[in-house]
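Encoded as structure tokens, the structure appears first; notes follow it.
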């Protein structure tokens, strides 16, 4: 099919690139997956098919996460959500939420975040205990 790509309509060609990209994703072949997903997205960007463009952004976010680029993945997720607004399905929303959670988790220093949370919780418990004592002393 790709031997005759100049004969295909852009939408059909984007679908071929998309399918090829997904195959490379399944094989964890990041570079070709990224390249094909970008080619599909470039073709779809010129169309009125916002739902397909939205899904292409989600696919590219998945690829960027596997490539170790959580910041770029989040940017793609946000753009894809904008495109899906009002036309996306519940399934689409779930996939975006999942990819967003993955991107956030990969983009933060989990150990540091957990230490901050524990420290903050300890301070909150101490402050709460102090305020409870103060209330009890007033009675």
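Residue numbers (the numbering used here): 35 to 173.
In this text, a Cβ means the ideal position worked out from N, Cα and C, and glycines have one as well.
In this text, all values refer to a predicted model and were calculated from it rather than measured experimentally.
With a beta-carbon spacing of about 17 Å, residue 70 and residue 81 fall beyond the 8 Å limit used to define contacts. Note on geometry: alpha-carbon atoms of residue 52 and residue 74 lie some 6 Å from one another. With contacts defined by Cβ atoms closer than 9 Å, residue 117 and residue 88 form a contacting pair. The shortest C-alpha to C-alpha distance from residue 61 to any of 97, 108, 114 and 85 is the one to 97. Within the model, the alpha-carbon separation for residue 125 versus residue 106 is close to 22 Å. Residue 137 is positioned such that its CB atom lies no closer than 9 Å to that of residue 114. Ranked by how close their Cα comes to the Cα of residue 64, the residues 99, 135, 140 and 121 have 99 in first place.
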